[in-house]
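I have placed the structure first, in the form of structure tokens, so that the comments after it can refer back to it.
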Amino acid sequence: MKKHLPSAMVLFALLLVLCLHAFAADNPSDSGRYTPASSGSGYLFTSAQTSTRAKLPPALGEAGTLEALRTTPDITVNGISIGCMTPRCAVDGTVYVAVSPILQTLFPDASLTFQDGCLIAAGDTLCLQAREGNTYFQVNQRYLYVPSLVVIQEGQLMLPAGTLAEALGCSLRGDGVETDLVFRQVSPVIQAGTYDENDLYWLSRAIYAEAGNQPMQGRLAVGTVILNRVADPQFPNTVEEVIFEPGQFSPVSNGTIYREPDEDSLVAARLCLDGVREAGDCLYFNVTSLYSWADRARTYYCTIGGHNFYL
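For reference, each letter of the sequence shown is one residue, going 121 to 431 in the working numbering.
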């Protein structure tokens with residue numbers, strides 16, 4: 121037996137080597153596949169075949185922004201991508217965007233306050249105020265019409281992308297929720313309009329007397345009819361003369377034309393004088409509850425609030 125002991129030990133060693141080799145073949149090392157490497161933004165997972173960067177879920181404490189495959193359309197302002205910070209939505213077919221990220225990119229020194237549904241931004245060349253539910257917002261005391269209302273989504277105040285771009289002196293490329301939006305500032309921020317004081321005085325009073333109980337669209341439609349008449353050669357040439365033409369507007373005969381207008385009527389008058397129009401090319405209107413001369417002699421165009429409008 122002593123003479124065969126070395127042979128038995130050699131055989132045992134060979135069997136042990138074969139077992140270890142078989143175990144290694146069934147359990148390959150991960151070193152050739154994915155190796156976690158620490159980074160300032162979480163972990164970067166590298167592969168022998170591909171190199172991919174991914175953002176870890178917020179629940180894991182990820183704070184940085186890594187290169188990632190973009191799954192949503194981008195928004196850029198003067199070449200800076202802010203799509204990840206800027207919600208967008210469609211309201212009545214109009215693309216809305218969150219206002220604050222765009223303002224912070226264009227005017228980094230401006231102060232922004234958002235409280236009780238009202239956003240106020242103030243800077244050297246910018247004074248913006250917008251309130252949820254209004255049909256307009258202000259930039260440098262210029263009113264801009266928002267027919268589908270100022271809205272809040274995802275905790276941010278939203279405005280129509282096109283109207284916001286116009287107000288901030290930007291060109292805008294892209295017009296959909298599923299397309300890139302490219303804002304580029306090409307001119308100064310919009311400024312307050314200049315109006316003939318007499319036109320503003322009488323137009324605001326006529327709007328208030330005729331449509332003071334109507335929504336903004338109805339007020340604008342009344343202002344549109346008056347300004348359409350000013351532009352039509354068959355009517356007088358000024359707002360005051362159109363309003364006081366005999367037999368045309370009942371507030372003149374009953375005295376309500378002299379009442380002080382409310383804020384919305386003043387805003388409606390300014391919007392109309394800046395070019396906003398409702399009710400197309402209409403020259404006449406009447407309350408819906410009355411059958412008037414216009415019903416018989418003019419072409420019906422639309423109904424807005426409590427008035428019918430005619431061409």
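We put the beta carbon where it would ideally sit given N, CA and C, even for glycine.
Quantities reported herein were computed from a predicted structural model and do not represent experimental measurements.
Best match in the options for proximity to residue i [C-alpha to C-alpha]
i: G313; options: Q337, V297, Q261 and R339; result: Q261
i: L320; options: F355, P356 and E360; result: E360
i: L279; options: E330, N254, E298 and R418; result: N254
i: A388; options: Q334, T358 and G375; result: Q334
i: G395; options: R293, A351, I424 and I202; result: A351
i: I200; options: T214, Y404 and P228; result: P228
i: I61; options: T214, D212, G213 and L223; result: What the structure shows of the chain is the stretch from 121 to 431, and residue 61 is not part of that stretch, so it cannot be assessed.
i: P308; options: Y430, T245, W322 and N374; result: T245
i: M205; options: T358, Q273, E317 and W322; result: Q273
i: Y404; options: E317, I377 and Q368; result: Q368
i: L431; options: S373, S409 and G400; result: G400
i: G332; options: T408, S291, P366 and T376; result: T376
i: N318; options: T358, S291 and D295; result: T358
i: I195; options: A285, E365, P366 and G237; result: A285
i: V197; options: F429, N374, E365 and S291; result: S291
Cβ-Cβ distance between residue i and residue j below 8 Å
i: F257; j: V266; result: yes
i: L347; j: C392; result: yes
i: T344; j: E398; result: yes
i: D300; j: P371; result: no
i: G289; j: Q276; result: no
i: H427; j: A341; result: yes
i: R418; j: Y315; result: no
i: V302; j: A210; result: no
i: Y328; j: R293; result: no
i: L269; j: T283; result: no
i: A287; j: V259; result: yes
i: G213; j: A230; result: no
i: P356; j: V362; result: yes
i: I424; j: Q337; result: yes
i: S385; j: R349; result: no
Burial state of residue i, where buried means 16 or more other Cβ atoms lie within 10 Å
i: R437; result: Residue 437 lies beyond the residue range present for the chain, which begins at 121 and ends at 431; the question has no answer from this structure.
i: T233; result: exposed
i: P381; result: buried
i: Q311; result: exposed
i: S159; result: With a pLDDT of 31 at S159, under the threshold of 50, the predicted position of this residue should be treated as unreliable, and no value is reported.
i: E81; result: No answer is possible for residue 81: the residues shown for the chain start at 121 and end at 431.
i: R416; result: exposed
i: Y411; result: exposed
i: S324; result: buried
i: T225; result: buried
i: Y420; result: exposed
i: V407; result: exposed
i: W322; result: buried
i: S149; result: With a pLDDT of 44 at S149, under the threshold of 50, the predicted position of this residue should be treated as unreliable, and no value is reported.
i: T172; result: Its pLDDT being 29, under 50, T172 is placed unreliably by the model, and the measurement read from it follows with that caveat. Exposed, because fewer than 16 other Cβ atoms sit within 10 Å of the Cβ of T172.
Closer than 8 Å to chain B by CB, residue i
i: G343; result: In the displayed structure, chain B is absent; only one protein chain is listed.
| task | List in chain order: all unbroken alpha helix (DSSP H) runs of 4+ residues lying wholly within the segment 351-429. | result | Listed in chain order, they are 359-363, 370-374, 383-393 and 413-417.
| query | Which parts of the segment 301-359 are runs of the beta strand (DSSP E), unbroken and 3 residues or longer, counting only runs that do not cross its ends? | reply | 301-305
| said: If contact is defined by three or more beta carbon pairs under 8 Å, each pair taking one atom from either stretch, is the segment 211-218 in contact with the segment 247-256? | reply: The segment 247-256, when compared against the segment 211-218, does not touch it at the 8 Å Cβ threshold.
| Segments assigned beta strand (DSSP E), at least 3 residues, entirely inside the segment 221-304 | 231-235, 238-242, 247-251, 256-259, 262-265, 271-273, 276-280 and 290-293
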